[in-house]
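Q: Sharing a structure with you now.
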Amino acid sequence: MKRTLIEVFLAIALIGASVFGWMNWKQNGAAAPQITELKAAAEEAEKTAKTSEDAVKAAEEAVAALREEMAPLESKVQQLEAVKAALANGTTLSDLEAAYKKEKNLSAERQVGLGALRMLTKGANDPATLESFRKALQISDFGNRKNTICAAQIGLAAAGEKVTIMSECLPKGASDKGEKSADKDAKSDGHSKADDKNAKADGKKGGAHAAPHWGYEGEMGPDKWGKEFPTCSKGKSQSPLDIRGPFVKGRIVITTDYKEGALRMVNNGHTIQVNVNPGSKFRIDGIAYDLLQFHFHRPSEEKIDGKPLAMVVHFVHKNAEGKLAVLGVLLKEGNENPGIKTLWANMPKSEGPEVEVEGVKFNPGNLLPKEFDFFSYEGSLTTPPCTEGVRFFILKSTVNVAKEQIAEFPFKLNARPVQAQNGREIVTN
Ligand SMILES: [Zn+2]
């Protein structure tokens, strides 16, 4: 019981921290380490607890110990209370909602902020609180919004919702706790297998294992994604496709205007991804889409007449209305690719947060072929949550990648199998 209280308190403290950050709270910097400390202490108590009786006893001891450590945190709690009191009349919330109403599609970060503010002012049981966190989860995509996903999942859990909290969101070594308290559906066999693999990959991190949520093989492979992400199995316009005729002739014109910029790379455990600063554009019949990131799959996810190529790079774009468009460039084994040479020389070899490579600039346009003839179809994210409504353009022209460069890519297999076409047209220009 006490343990649950601590968890709820921690979750609220976390939400509070995210509100502080979202409101540009100046003292935010100090809150995060204290919360981490608090969580670590709670986790320590958890580890030593063998039975529920032990758990209560351990929690009591932890609470006593924490009370001392909490003194500095108390002021933060008071600040949180002050924020809560200041926001309690709901005016700020309605102001914010009015401001947001003008925007058609709120970003995941804003949904989390809205959820957190709602939780503080309207309480955790307010349906709109839950809705905000759920929406944030829905639109968090491509593994580059881990903090947002974590905040939304913890927010929902704090509101008493049954929600799977990614182990990445929990303190190191606490993934078992996550499964017990919030991830009742997840079968431990699947996760333990991943833990083994991850423990190996993590190497020196030892006991700390963040189990990946999903993978490309075995118990967490693509045919199991639907258990946790229903769209992956129930969706009717899923990607990738085996691209084969008959094709429909179209008159769509696509152009790219990619700019050189800082090289920000992340190994998210599923792929090597390069996050792109604002300014690079993709246009479909003149409508601008911003390039968000690009990443690689080996072999290519798309097949041409039943055959995959060595690799594919997916350029992910979003327009002002939030619609996603993916430009796919197939990589064929051949000469060395100078762009990939730069990327591979700087990529994080193991999973971790984004790194900005100092002193190196990169232009994503270096990875594009000259010719822009394409196949196009309506599809989905090719990774969980497999959200649909993504427009795909796969270029007919390929670019080269050397055999050694293919071998250097740290993911041997990270391609989702081709999905049923279900009557979708494949358009060519
Ligand atoms: Zn992709």
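Read in order, the letters of the sequence shown correspond to residues 37 to 465 in my numbering.
Note that beta-carbon positions come from the ideal geometry of N, C-alpha and C, so glycine has one too.
As the structure is a computational prediction, the values presented were derived from the model and not from experiment.
1) I need the DSSP call for residue 308, collapsed to helix, strand or coil.
2) For residue 336, count the other beta carbons within 10 Å of its own beta carbon; 16 or more makes it buried, fewer makes it exposed. Which is it?
3) Short check: CB of residue 274 to CB of residue 176, under 7 Å?
4) Measuring straight from C-alpha to C-alpha, what distance separates residue 189 and residue 159?
5) Within the same chain, show all residues whose beta-carbon is closer than 7 Å to that of residue 171, passing over the 5 residues directly before and after it, in chain order.
6) So what's residue 429 in DSSP terms, helix, strand or just coil?
7) Under 7 Å Cβ to Cβ from residue 453, same chain only, skipping five residues before and after it: list those, please.
8) Helix, strand or coil: how does DSSP classify residue 278 here?
9) Could you pull the start and end residues of the alpha helix (DSSP H) that residue 155 belongs to?
10) Using beta-carbon positions only, say whether residue 362 and residue 428 come within less than 7 Å of one another.
11) Is residue 454 helix, strand or coil by DSSP?
12) May I ask you to check if the CB of residue 350 is nearer than 6 Å to at least one heavy atom of ligand 1?
13) Go through its chain and collect everything with a Cβ distance to residue 408's Cβ below 7 Å, but skip five positions before and after it.
14) Look at residue 301 and residue 365 and say whether their C-beta atoms are less than 7 Å apart.
15) Take residue 263 as the anchor and find which of 442, 294, 450 and 421 has the nearest alpha-carbon.
16) Which first and last residues belong to the beta strand (DSSP E) in which residue 392 is found?
17) Let me make sure I understand the geometry here. Which of 299, 359 and 459 has the alpha-carbon closest to that of residue 397?
18) Note down, in chain order, each residue of its chain lying with its Cβ closer than 8 Å to the Cβ of residue 405, except the 5 sequence neighbours on either side.
19) Less than 7 Å separating the beta-carbons of residue 340 and residue 279?
20) Tell me, please, which residues DSSP counts as bridged to residue 383.
21) Between residue 418 and ligand 1, is the CB less than 6 Å from at least one heavy atom?
22) What are the residues that DSSP puts in a beta bridge with residue 319?
23) With residue 466 as the anchor, note down where its beta strand (DSSP E) starts and where it stops.
24) For a quick check, are the C-beta atoms of residue 463 and residue 286 less than 7 Å apart?
25) So what's residue 199 in DSSP terms, helix, strand or just coil?
26) Got a sec? Which residues, its chain only, sit under 7 Å from residue 442 by beta carbon, not counting five neighbours each side?
27) Just to confirm, are residue 349 and residue 329 a CB contact at a threshold of 7 Å?
28) Would you call residue 127 buried or exposed, if buried means 16 or more other Cβ atoms sit within 10 Å of its Cβ?
29) Within a Cβ cutoff of 8 Å, which residues of the same chain sit near residue 270, ignoring the five residues on either side of it in sequence?
30) Where residue 297 and residue 131 are concerned, what is the direct C-alpha to C-alpha distance, given to the nearest angstrom?
31) Identify the residues that DSSP records as bridge partners of residue 464: which are they?
32) Closest to residue 268 by C-alpha separation, out of 193, 424 and 308, would be which residue?
33) Alpha carbon to alpha carbon, how far is residue 234 from residue 253?
34) Using C-beta distances below 8 Å, list every residue in its chain close to residue 103, excluding the 5 sequence neighbours before and after it, in chain order.
A: The answer reads as follows:
1) If you number the sequence shown from 1, residue 308 lands on position 272. Correct three-state label for residue 308: strand.
2) Within the sequence shown, the letter at position 300 stands for residue 336. Counting Cβ neighbours within 10 Å, residue 336 comes out buried, since at least 16 surround it.
3) Taking the sequence shown and counting its residues from 1, the one referred to as residue 274 is at position 238. Taking the sequence shown and counting its residues from 1, the one referred to as residue 176 is at position 140. The answer is no: Cβ separation not under 7 Å.
4) For the purposes of this step, residue 189 is identified with residue 153 of the sequence shown, where counting begins at 1. For the purposes of this step, residue 159 is identified with residue 123 of the sequence shown, where counting begins at 1. Cα to Cα, the separation comes out at about 16 Å.
5) Translated into positions along the sequence shown, residue 171 becomes position 135. Hits under 7 Å: 147.
6) Counting from one through the sequence shown, the residue named residue 429 turns up at place 393. Looking at residue 429 - three-state DSSP - the assignment turns out to be strand.
7) Looking up residue 453 in the sequence shown gives position 417. Here the set comprises 258.
8) For this step, residue 278 is matched to residue 242 along the sequence shown. In the structure shown, residue 278 sits in a strand (DSSP, three-state: E or B).
9) Translated into positions along the sequence shown, residue 155 becomes position 119. Residue 155 -> alpha helix (DSSP H) spans 144 to 158.
10) Along the sequence shown, one-based indexing puts residue 362 at 326. Along the sequence shown, one-based indexing puts residue 428 at 392. Yes, they are a contact pair.
11) Against the sequence shown, residue 454 aligns to sequence position 418. Correct three-state label for residue 454: coil.
12) Taking the sequence shown and counting its residues from 1, one reaches residue 350 at position 314. For ligand 1, at least one heavy atom lies less than 6 Å from the Cβ of residue 350.
13) Sequence index remark: in the sequence shown, residue 408 carries index 372 (1-based). Here the set comprises 290 and 431.
14) As a first step, residue 301 must be located in the sequence shown, where it is residue number 265. As a first step, residue 365 must be located in the sequence shown, where it is residue number 329. Not in contact: residue 301 and residue 365 (Cβ atoms no closer than 7 Å).
15) Here residue 263 refers to the residue found at position 227 when the sequence shown is read from its first residue. The option with the nearest alpha carbon to residue 263 is 421.
16) By one-based count along the sequence shown, residue 392 stands at place 356. It spans 391 to 398 - the beta strand (DSSP E) in which residue 392 sits, taken as one unbroken run.
17) Translated into positions along the sequence shown, residue 397 becomes position 361. Nearest option by C-alpha distance: 299.
18) Translated into positions along the sequence shown, residue 405 becomes position 369. Closer than 8 Å at Cβ, skipping near neighbours: 365, 431, 433, 434 and 435.
19) Along the sequence shown, read from residue 1 onward, the residue named residue 340 stands at position 304. Along the sequence shown, read from residue 1 onward, the residue named residue 279 stands at position 243. Yes, they are a contact pair.
20) Your numbering for residue 383 matches position 347 in the sequence shown. Residue 383 pairs with nothing; no bridge assigned.
21) Sequence index remark: in the sequence shown, residue 418 carries index 382 (1-based). Result yes, Cβ under 6 Å from ligand 1.
22) Within the sequence shown, numbered from 1, the residue matching residue 319 stands at position 283. 291 and 324, per the DSSP bridge assignment.
23) In the structure as shown, the chain begins at 37 and stops at 465. Residue 466 is therefore absent and cannot be evaluated.
24) Position 427 of the sequence shown, counted from the first residue, corresponds to residue 463. Position 250 of the sequence shown, counted from the first residue, corresponds to residue 286. Yes, Cβ-Cβ distance for residue 463 and residue 286 is below 7 Å.
25) Here residue 199 refers to the residue found at position 163 when the sequence shown is read from its first residue. Three-state DSSP puts residue 199 in coil, outside helix and strand.
26) Counting from one through the sequence shown, the residue named residue 442 turns up at place 406. Closer than 7 Å at the Cβ level, and outside the excluded window around residue 442, lie 334, 346, 347 and 369.
27) By one-based count along the sequence shown, residue 349 stands at place 313. By one-based count along the sequence shown, residue 329 stands at place 293. The answer is no: Cβ separation not under 7 Å.
28) Your numbering for residue 127 matches position 91 in the sequence shown. Classification of residue 127: exposed, given that the 10 Å Cβ count is below 16.
29) By 1-based counting over the sequence shown, the position of residue 270 is 234. Same-chain partners within the cutoff: 262.
30) The residue given as residue 297 occupies position 261 in the sequence shown. The residue given as residue 131 occupies position 95 in the sequence shown. Going from the Cα of residue 297 to the Cα of residue 131 covers about 36 Å.
31) Counting from 1 along the sequence shown, the entry for residue 464 is found at position 428. In the DSSP output, where bridge partners are listed per residue, residue 464 has 285 and 411.
32) The sequence position of residue 268 within the sequence shown is 232, counting from 1. Here the closest residue by C-alpha is 424.
33) Locating residue 234 in the sequence shown gives position 198, counting from the first residue. Locating residue 253 in the sequence shown gives position 217, counting from the first residue. Note that residue 234 scores 38 on pLDDT, short of 50, meaning its location in the model is unreliable; the coordinates nonetheless yield the value given after this. Their backbone Cα atoms lie some 13 Å apart in a straight line.
34) Counting from 1 along the sequence shown, the entry for residue 103 is found at position 67. For residue 103, where only same-chain residues beyond five positions count, there are no Cβ hits under 8 Å.
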